[in-house]
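Student: Take a look at this one; I'll ask things after.
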Amino acid sequence: MGYPMARVVAVAECCSHAVLDAVIGGWKNSERIVSDELERHVGAGTLLLADRGFWGLARWHRLREQGARLLWRTERRMARRVEDVLEDGSYLARIQANKHSKAAGTVKAPPALVRVVEYRIDGQAEVIRLITSLMDHE
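As numbered in the numbering used here, residues 19 to 156 make up the sequence shown, in order.
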């Protein structure tokens, strides 16, 4: 008999690492789908950190409407069109719905203006790209 396979997604507090809530979904369900149930824990003033598997323009807008501040890692191909460079080297970019969501006939989310922060870890070639709703570089 094989081991049960499940996908667990949790909301945790960064400082204490306390788990506020978790959802268990089937192994074949994506993190994005499983995580939708956790949005109830996000409210005004919450800083929500997420890895690149959670990106979604509609989700971004939904969480911003709830008052959350967002800082998410994203794929390198996103947010490449620089609209303005800020003093700290980060830049503003506009993210639009991708062509696949348009082709599928779904209601597309409006574009979002984001601040992009890129960095490298010493000794590694990969550029890490973060997008945030925090526009002030200070």
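For each residue, glycine too, the CB sits at the ideal point set by N, CA and C.
1. Three Cβ pairs or more, each shorter than 8 Å: is that satisfied between the stretch 56–64 and the stretch 83–102?
2. Less than 8 Å between C-beta atoms, sequence neighbours within five positions excluded: which residues of the same chain meet that for residue 104?
3. Output needed for residue 106: all residues of its chain with C-beta closer than 7 Å, excluding positions within five of it in sequence on either side, in chain order.
4. Along the chain, where does the beta strand (DSSP E) containing residue 45 start, and where does it finish?
5. Taking all protein chains shown into account, do 16 or more other C-beta atoms lie within 10 angstroms of the C-beta of residue 81, making it buried, or fewer, making it exposed?
6. Based on the DSSP output, what are the partners of residue 56 in its beta bridges?
7. Which full runs of the alpha helix (DSSP H) of 4+ residues lie inside the stretch 73–107, going along the chain?
Tutor: The structure says:
1. Yes, they touch.
2. Along the sequence shown, one-based indexing puts residue 104 at 86. Cβ neighbours of residue 104 beyond the five flanking positions: 110, 133, 155.
3. By one-based count along the sequence shown, residue 106 stands at place 88. Same-chain partners within the cutoff: 155.
4. Along the sequence shown, one-based indexing puts residue 45 at 27. Counting along the chain, residue 45 falls outside any beta strand (DSSP E), and DSSP gives it neither H nor E.
5. Here residue 81 is taken as the residue at index 63 of the sequence shown, counted from 1. By the 10 Å Cβ count, residue 81 comes out buried.
6. Position 38 of the sequence shown holds residue 56. According to DSSP, residue 56 bridges with nothing at all.
7. 75–83
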